[in-house]
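Working notes for the structure below.
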């Protein structure tokens with residue numbers, strides 16, 4: 002039975018599920034299209050006017066490009082690798098990113114991006130996997146997480162298909178451009194998950210990665 | 002040599018260390034917040050409890066606003082608002098001979114200041130520990146590392162120093178507590 006997590010919560014993964022080795026981390030979110038609906042319903046605006054006004058792309062709702070990434074971090078909080086849309090495979094295949102959703106379109110509530118993890122293949126110097134989401138080109142597109150709702154992360158056991166835990170991010174992330182969603186980390190010879198859900202002002206993935214230098 | 006305790010373990014203090022009159026109970030922690038987080042302030046508290054596990058009154062509650070117990074038996078080192086630095090973040094001195102006769106137990110608790118308002122919980126705290134040090138020799142006698150079990154809670158009863166026969170012992174309690182300082186005080190009859 003899945004565990005619904007609250008912010009700050011840390012739970013056992015392998016201790017509660019002996020034999021757990023391979024699982025999928027799914028991340029989802031909903032671009033807030035309320036604003037564009039409002040604009041669409043404004044009658045009689047010419048398409049020319051709409052194109053001129055800031056946020057033409059928002060109207061079509063196509064340009065919210067959220068990227069999920071994983072930082073592989075050692076025991077000294079140093080980054081030893083990154084898995085993201087530009088590098089889909091972690092060392093030894095321990096982490097595998099299943100691709101970049103460019104539009105964020107899809108059935109509401111389903112995963113937008115998926116990352117597979119194989120615990121047996123994680124290099125011994127990697128102490129934790131930090132799952133983050135940032136908004137691609139947030140500055141030029143003038144976007145922030147106040148415009149995104151229903152963000153969540155969940156972990157599914159690949160062998161059984163069972164959902165192990167889910168964390169719905171419900172804080173107010175207005176004006177934040179990046180999210181540190183959660184961590185999968187070593188603890189006492191086991192692996193645990195820490196539901197972080199913290200928004201930051203990092204404008205790019207590389208700026209986020211500076212936290213783990 | 003220090004004894005490392007697991008949750009639930011009880012260990013003797015005075016029989017094993019004859020002549021032990023005064024101890025320092027140190028509490029420490031590290032905090033991990035990201036830039037969105039507001040200041041994290043953990044507080045150590047000591048509750049002087051009678052045989053019914055209750056305080057006799059508000060005076061039996063030693064903390065940042067009441068640093069010295071009227072008996073002089075328990076003295077708090079003061080409020081550390083940032084938790085920075087190695088070693089103990091806050092400390093309570095305990096002198097056995099001064100403990101009032103009807104006090105049976107001193108309970109050491111760590112709480113998160115304004116946890117609800119600041120949206121903090123123990124998930125954001127790591128490496129929390131409680132240790133007992135011989136005040137005269139500065140030798141660490143006992144150490145209990147609190148682990149990670151209280152991630153959604155906002156207070157932890159770390160350990161108890163309690164009378165046993167004609168001596169004193171330490172119990173590694175490690176119980177999370179919901180509801181913050183007020184709920185905790187109510188629990189102890191304050």
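Residue numbers (our numbering), protein chains in the order written: chain A, 2 to 214; chain B, 2 to 191.
Even for Gly, the Cβ is constructed at its ideal location relative to N, Cα and C.
Note that the structure is a prediction, hence the values are computed from the model and not measured.
Asked: Please go through the stretch 101-176 of chain B and give each complete alpha helix (DSSP H) segment of 4 or more residues, from N-terminal end onward.; Found: 116-119
Asked: State yes or no: is the C-beta of residue 185 of chain B nearer than 8 Å to some heavy atom of the ligand SAH?; Found: Within the structure as shown, the ligand SAH is missing, as the structure has no ligands at all.
Asked: Could you check where the alpha helix (DSSP H) with residue 21 of chain A kicks off and where it finishes?; Found: Segment: none, residue 21 of chain A is in no alpha helix (DSSP H) and carries neither H nor E.
Asked: Spell out the partners DSSP gives residue 92 of chain B in its beta bridges.; Found: B/27
Asked: Do you know offhand how far residue 174 of chain B's Cα is from residue 17 of chain B's?; Found: 20 Å
Asked: In terms of DSSP beta bridges, what is residue 166 of chain A paired with?; Found: A/4, A/156
Asked: Could you give the distance in angstroms between the alpha-carbon of residue 29 of chain B and the alpha-carbon of residue 132 of chain B?; Found: 9 Å
Asked: For the stretch 194-208 of chain A, which residues have a beta carbon sitting closer than 8 Å to at least one beta carbon of chain B?; Found: 195, 196, 197, 199, 200, 201, 202
Asked: Around the C-beta of residue 66 of chain A, are 16 or more other C-beta atoms found within 10 angstroms, so that it is buried, or is it exposed?; Found: buried
Asked: With a cut-off of 9 Å, does the C-beta of residue 37 of chain B fall near any C-beta of chain A?; Found: Because the pLDDT of residue 37 of chain B is 49, which lies under 50, any placement of that residue in the model is unreliable, and the number read from its coordinates should be weighed accordingly. Closer than 9 Å: yes.
Asked: When you check each C-beta in the stretch 147-173 of chain B against every C-beta of chain A, which residues fall closer than 7 Å?; Found: 149, 152, 153
Asked: Does the CB of residue 123 of chain B have a neighbour CB from chain A at under 9 Å?; Found: yes
Asked: So with Cβ pairs under 9 Å, would you call residue 85 of chain A a contact of chain B?; Found: no
Asked: Beta carbon of residue 85 of chain A, beta carbon of residue 180 of chain A: below 9 Å?; Found: no
Asked: Quick one: using the 10 Å Cβ neighbour count with 16 as the cut-off for buried, is residue 124 of chain A buried or exposed?; Found: exposed
Asked: How would you call residue 175 of chain A, buried or exposed, if buried means at least 16 neighbouring beta carbons within 10 angstroms?; Found: exposed
Asked: Between which residues of its own chain and residue 4 of chain B is the CB-CB distance below 6 Å, once the five residues before and five after are set aside?; Found: 12, 143
Asked: When you compare each of B/148, B/164, B/41 to residue 157 of chain B by their alpha carbons, which one comes out closest?; Found: B/148
Asked: Check for me: the beta strand (DSSP E) holding residue 70 of chain A runs from which residue to which?; Found: 67-75
Asked: Answer yes or no: does any C-beta atom of chain A fall closer than 9 Å to that of residue 120 of chain B?; Found: yes
Asked: Of all Cβ atoms in chain B, is any one closer than 9 Å to the Cβ of residue 178 of chain A?; Found: no
Asked: DSSP on residue 78 of chain B, reduced to helix/strand/coil?; Found: coil
Asked: Does the stretch 130-147 of chain A come into contact with the stretch 178-195 of chain A, if we say contact requires no fewer than three beta-carbon pairs (one atom in each stretch) closer than 8 Å?; Found: yes
Asked: Rounded to whole angstroms, what is the Cα-Cα separation between residue 43 of chain B and residue 61 of chain B?; Found: 20 Å
Asked: Buried or exposed for residue 128 of chain B, please, with buried defined as at least 16 other CB atoms from any protein chain shown within 10 angstroms of its CB.; Found: exposed
Asked: Where do the N-terminal and C-terminal ends of the beta strand (DSSP E) with residue 182 of chain B fall, by residue?; Found: Premise fails: residue 182 of chain B lies in the alpha helix (DSSP H), 181-188, not in any beta strand (DSSP E).
Asked: Is the separation between the beta-carbon of residue 80 of chain A and that of residue 187 of chain A shorter than 9 Å?; Found: no
Asked: Is residue 9 of chain A close to chain B? Criterion is C-beta to C-beta, closer than 9 Å.; Found: yes
Asked: In chain B, which residues lie less than 7 Å from residue 154 of chain A when you measure between Cβ atoms?; Found: The premise fails here: residue 154 of chain A is roughly 15 Å from chain B at the closest Cβ pair, so nothing lies under 7 Å.
Asked: Quick check on DSSP: helix, strand or coil for residue 208 of chain A?; Found: helix
Asked: I'd like to check one pair, residue 25 of chain A with residue 197 of chain A: are the Cβ atoms closer than 9 Å?; Found: no
Asked: For a contact meaning CB atoms closer than 8 Å, what does residue 188 of chain A contact in chain B?; Found: 149
Asked: Could you tell me if residue 116 of chain B is buried or exposed, where buried requires 16 or more neighbouring beta carbons within 10 angstroms of its beta carbon?; Found: buried
Asked: Run through the DSSP bridge pairs and tell me what residue 32 of chain A is partnered with.; Found: A/149
Asked: On a CA-only basis, which of B/82, B/140, B/57 is nearest residue 206 of chain B? Give me that one, please.; Found: This structure gives no information on residue 206 of chain B, because the portion of chain B shown stretches from 2 to 191.
Asked: How close, in whole Å, do the beta carbons of residue 155 of chain B and residue 105 of chain B come, if the pair is a contact with beta carbons under 8 Å?; Found: Rounded, the Cβ-Cβ distance is 26 Å, inconsistent with contact.
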